[in-house]
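Chemist: Please see the structure below; I have some questions.
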């Protein structure tokens with residue numbers, strides 16, 4: 473079994489999932505509190521499924537070096553907001569499958585948009 477260096481992780485994305493105006497408000501509050509506490513970037517709040525995400529969402533982007541600070545905070549403060557977490561390695565298929573983690577409920581992603589690695 474070969475090993476891949478954690479140095480291949482350039483950043484992380486935490487996607488906050490929501491379903492309506494009320495849950496979007498909770499996600500906005502969570503995003504703003506995270507931004508006040510950590511060096512993150514908040515993406516747009518999409519009120520429709522975008523990309524591989526099957527529900528409304530917003531992306532939080534942060535450096536790999538801050539993972540150990542941000543993720544425990546999200547675990548403790550996310551409330552009812554579901555969070556899809558993945559690394560940014562340059563391999564979108566890996567990042568959204570083997571590299572993925574969930575806080576709260578998990579969802580089936582639309583993975584057909586990503587190229588699968590070729591089989592040996």
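Numbering (this note's numbering), first residue to last: 473 to 592.
The C-beta atom is built at its ideal place from N, Cα and C for all residues, glycine as well.
Report back the beta-carbon spacing between residue 555 and residue 486 to the nearest angstrom; my notes put them in contact at under 8 Å.
Modeler: 5 Å
Chemist: Assuming residue 558 and residue 536 make a contact with CB atoms under 8 Å, what is their CB distance in whole Å?
Modeler: Their Cβ separation, rounded to whole angstroms, is 12 Å, which puts residue 558 and residue 536 out of contact at 8 Å.
Chemist: Which stretch, first to last residue, makes up the alpha helix (DSSP H) that contains residue 539?
Modeler: 539-549
Chemist: Given residue 513, which residues of its chain have a CB within under 6 Å of its CB, disregarding the five upstream and five downstream residues?
Modeler: 533
Chemist: Between which two residues does the alpha helix (DSSP H) holding residue 515 run?
Modeler: No alpha helix (DSSP H) holds residue 515; the beta strand (DSSP E) holding it covers 512-518.
Chemist: Please determine, among 578, 568, 569, 540, the residue with the shortest C-alpha to C-alpha distance to residue 552.
Modeler: With distances taken between CA atoms, residue 552 lies nearest to 578 out of 578, 568, 569, 540.
Chemist: If you reduce the DSSP assignment to three classes, tell me which class residue 579 lands in.
Modeler: coil
Chemist: Mind checking residue 585: buried by the 16 CB within 10 Å criterion, or exposed?
Modeler: exposed
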